[in-house]
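Have a look at the structure below before the remarks.
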Amino acid sequence: MRFHVAMLIMLLGILPCLVIVNLFIYNIKQRSLSSEEIAISSQAQLLSNQIVTSGYLQDPSVNSVNTQLNTLGNIYSGRIMVIDSNMKVVKDTYNMYDGRTIVWQNAIESAGGSFCSYYDADSHCITVTVPITDPSDSSVIDGVLLVNKATGALETNMEFYRSVGVIIVLITFIVVTILALILSRSISFPIRKMAANIGKMHKAGSHKELEAEGFTELRNLADEFNAYADGMYKVDESRQEFVSNVSHELKTPLTSMKVLADSINSMGDGVPIELYQEFMSDITNEIDRETQIINDLLSLVRMDKSGANLNIAPVNLNELIELILKRLKPIAEKQEVELVMESFRPVTVEIDEVKFSLAISNLIENGIKYNNPGGFVHVSLNADHRYCYIRVEDSGMGIPEESLDFIFERFYRVDKSHSREIGGTGLGLAITKNAINMHHGEIKVSSVLGEGTTFDVRVPLNYIQQEVTNS
Ligand code: ADP
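Residues in the sequence shown are numbered from 1 upward in steps of one, following the numbering used here.
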């Protein structure tokens with residue numbers, strides 16, 4: 001980046017300078033040439049008047065005119081030709097073309113009354129042709145006067161200006177290069193500093209705020225980076241917490257089993273068979289619990305947030321909920337809890353049947369588990385043109401207000417020992433929330449301690465396919 005910025009500044013500084021210097025030199029040359037042309041033309045005009053008045057075209061031996069022609073030719077280090085109206089050379093100061101006919105375009109044009117000028121850049125000379133007109137009648141053209149002048153002095157001047165131009169370009173180049181280096185360094189410095197800080201943070205594994213100085217864009221970049229790093233840090237923290245919770249939860253049944261097995265071993269031979277059976281049944285319960293935790297963990301892990309592994313199909317929700325209730329009926333009867341379903345209309349929704357029924361099962365099962373004998377769990381189903389609404393309402397023990405924000409967290413239980421007693425793993429609601437989120441739905445809870453809890457679920461009838469973008 002530094003190199004590119006430096007090159008850009010240099011180009012922007014040097015290119016205009018080159019253009020300006022060249023334009024300047026070109027202009028000076030054009031102005032010098034046109035003032036030369038004007039001077040030669042007026043000199044030629046004077047001479048042409050003398051040529052006519054002296055009758056030189058009829059008698060080219062007029063001495064005074066010849067002297068003037070030769071003198072001017074010498075001063076101009078060039079050549080002068082007097083041409084008559086038939087384009088025949090009457091006088092050539094180089095004595096080479098006398099008596100010959102001239103067919104040069106400019107001379108022909110001047111014979112028609114025009115003033116012409118030609119600059120030959122290769123041989124460095126200007127040639128001006130003027131018509132020789134009759135002083136009494138300027139429309140009568142008697143011939144053409146051709147004056148050629150060497151432009152050596154002008155070329156020397158131009159050489160000087162060119163050298164000055166080269167010096168200006170060189171000085172500009174040096175100044176712009178130094179400026180480009182300083183500017184590119186100061187522009188890239190905050191970025192390099194930021195990169196170095198990120199590198200240091202990465203090496204040290206620290207979670208510090210990245211600071212940025214200078215440009216607003218860099219400060220915005222640092223803010224975005226901090227937000228991203230914050231998110232990653234939180235993900236890492238929750239992953240660590242999850243792993244430690246999982247280890248703890250999996251260890252608890254194993255510890256109980258070990259204690260039970262050690263007790264049986266330490267009892268020796270004379271232990272009554274009933275005691276053995278009781279201990280073995282406790283061990284079986286712990287194994288069931290361990291299996292339950294592992295099953296719940298697997299369900300949770302399978303809930304991929306992206307929804308890439310969802311098996312979406314249209315499902316009749318009335319039938320699905322009835323099926324869930326039928327499956328849970330024996331547990332409800334055991335707990336003496338009444339299960340009631342109320343359906344306002346037939347609802348078909350695009351869902352992953354397995355994951356969605358797991359989510360709703362967990363809610364109804366919780367309604368049964370955290371209920372009192374003689375209580376009820378009321379499930380209602382409704383829909384509008386966009387969403388389906390499922391409400392699971394129970395008359396159970398309720399959830400304290402301060403716990404409502406945490407019940408969807410993994411392994412969170414309001415009352416650990418009670419939840420454990422009734423076979424809770426603390427993963428049920430986390431699974432439910434993940435499953436609802438995967439269907440782009442929402443879940444809300446409201447509860448009154450000692451009176452009951454209500455879960456409201458809202459899911460779009462048509463599954464919203466989300467585009468995966470890499471930008
Ligand atoms: P668990 O497997 O322990 O039931 P959940 O994630 O399903 O775990 O629930 C988390 C906690 O929320 C439970 O331990 C319980 O304390 C509380 N809870 C969930 N549903 C209800 C309910 N319907 N009534 C009262 N408390 C509930």
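Even for Gly, the Cβ is constructed at its ideal location relative to N, Cα and C.
Opening and closing residue of the alpha helix (DSSP H) in which phenylalanine 3 lies: 2 to 54
Look up phenylalanine 279 in the DSSP assignment and say whether it is helix, strand or coil. helix
Is the beta carbon of asparagine 318 within less than 7 angstroms of some heavy atom of the ligand ADP? no
Of the choices Ser64, Ile431, Thr93 and Val103, whose alpha-carbon is the least far from that of isoleucine 293? Ile431
Helix, strand or coil for tyrosine 389 per DSSP? strand
Within 10 angstroms of its Cβ, does aspartate 352 collect 16 or more other Cβ (buried), or is it exposed? buried
By the DSSP assignment, the beta strand (DSSP E) with methionine 341 in it spans what residues? 338 to 343
Just checking leucine 429 against the ligand ADP - is the residue's beta carbon closer than 7 angstroms to any of the ligand's heavy atoms? yes
Supposed close pair glycine 396, asparagine 437 - CB separation, criterion 8 angstroms: Not really, about 25 angstroms apart at Cβ, beyond 8 angstroms.
Looking at the unbroken beta strand (DSSP E) that takes in proline 460, where does it start and where does it end? 452 to 460
Beta-carbon within less than 8 angstroms of alanine 332's beta-carbon, same chain only, minus the 5 sequence neighbours each way: which residues are those? Glu338, Leu339, Ile368 and Val377
Skipping 5 residues on each side, what residues in its chain have a beta carbon closer than 7 angstroms to that of tyrosine 387? Arg458, Val459, Pro460 and Leu461
With a threshold of 16 other CB atoms inside 10 Å of the CB of glycine 101, please say whether the residue is buried or exposed. A quick correction: the sequence has threonine, not glycine, at residue 101. Flag for threonine 101 reads exposed.
What is the rounded straight-line gap between the Cα of lysine 329 and the Cα of isoleucine 321? 12 angstroms
Residue from Lys258, Val354, Arg289 and Gly268 with nearest C-alpha to arginine 302: Val354
Run through the DSSP bridge pairs and tell me what alanine 383 is partnered with. Cys388
Check: lysine 369 C-beta below 7 angstroms from any heavy atom of the ligand ADP: yes
Near isoleucine 198, which residues of its chain fall below 7 angstroms by C-beta distance, leaving aside the five closest residues on each side in sequence? Leu210
In three-state DSSP terms, what is isoleucine 464? coil
For a quick check, are the C-beta atoms of valine 144 and alanine 121 less than 8 angstroms apart? no
Can you tell me whether alanine 6 is buried or exposed? The criterion is at least 16 other CB atoms within 10 Å of its CB, across all chains shown. buried
Can you tell me where the alpha helix (DSSP H) holding leucine 218 begins and where it ends? 216 to 266
What are the start and end residues of the alpha helix (DSSP H) that includes serine 163? 152 to 204
What does the alpha-carbon distance come out to for the pair isoleucine 168 and arginine 79? 38 angstroms
Below 8 angstroms between beta carbons: does that hold for arginine 327 and alanine 383? no
Reduced DSSP secondary structure (H/G/I, E/B, other) of phenylalanine 376: strand
Local Cβ density within 10 Å of asparagine 366, reported as buried at 16 or more and exposed below that: buried
Secondary structure at glutamate 350, three-state DSSP: helix, strand or coil? strand
When you measure from the CB of methionine 397 to every non-hydrogen atom of the ligand ADP, does any distance come out below 7 angstroms? yes
Please name the residue or residues paired with isoleucine 312 in a DSSP beta bridge. Asp352
Just verifying my parser: in three-state terms, what is the DSSP assignment at asparagine 470? Low per-residue confidence applies at asparagine 470: pLDDT is 43, beneath 50, and the placement is therefore not dependable enough to give any value.
If contacts are defined as beta-carbon pairs under 8 angstroms, then valine 448 and phenylalanine 455 qualify, I think. What distance do you get, rounded to the angstrom? With 8 angstroms as the limit, valine 448 and phenylalanine 455 do not qualify as a contact, their Cβ atoms being about 14 angstroms apart.
Residue from Ser417, Ser361, Arg410 and Val21 with nearest C-alpha to isoleucine 390: Ser361
If you drop the 5 nearest sequence neighbours on each side, which residues of the same chain put their C-beta closer than 7 angstroms to that of leucine 260? Phe279, Asp282 and Ile283
Contacts around glycine 374, its chain only, beta-carbon distance under 7 angstroms, and the 5 residues preceding and following it disregarded: Glu336
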